[in-house]
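Residue numbers (our numbering): 30 to 98.
Here a beta-carbon is modelled for each residue, glycine too, at the ideal position from N, C-alpha and C.
Here is the structure we will look at.
And the structure:
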């Protein structure tokens, strides 16, 4: 379990809302289409699954878990 990294263009993710998130898949920044691939995976998985980018440009497919404390 990890806390999802923030998207660079978003100050707060409404979907995570400060909750920890499980990283389900990571798509490397070395792939020029990593955003499209990650968005497609998130759409297939559903149930609150969405994407976050890290500072290196890798895209993480994440699902919020638990509640805020």
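Review point. Hey, how far is the Cα of residue 103 from the Cα of residue 78?
Key: Within the shown structure, residues of the chain are numbered from 30 to 98, placing residue 103 beyond reach of any answer.
Check your understanding: Exposed or buried, which one is residue 61 when buried takes at least 16 other CB atoms within 10 Å?
Key -> By one-based count along the chain shown, residue 61 stands at place 32. Exposed, by the Cβ-count rule.
Check your understanding: Name the DSSP beta bridge partners of residue 64, please?
Key -> Here residue 64 refers to the residue found at position 35 when the chain shown is read from its first residue. Bridge partners of residue 64: none, in fact.
Review point. Does the Cβ of residue 92 have 16 or more other Cβ atoms within 10 Å, making it buried, or fewer, making it exposed?
Key: Locating residue 92 in the chain shown gives position 63, counting from the first residue. Result: buried.
Exercise for review: Leaving aside the five residues before and after residue 70 along the sequence, list all residues of the same chain whose C-beta is less than 7 Å from its C-beta, in chain order.
Suggested key: Your numbering for residue 70 matches position 41 in the chain shown. The residues are 54, 90.
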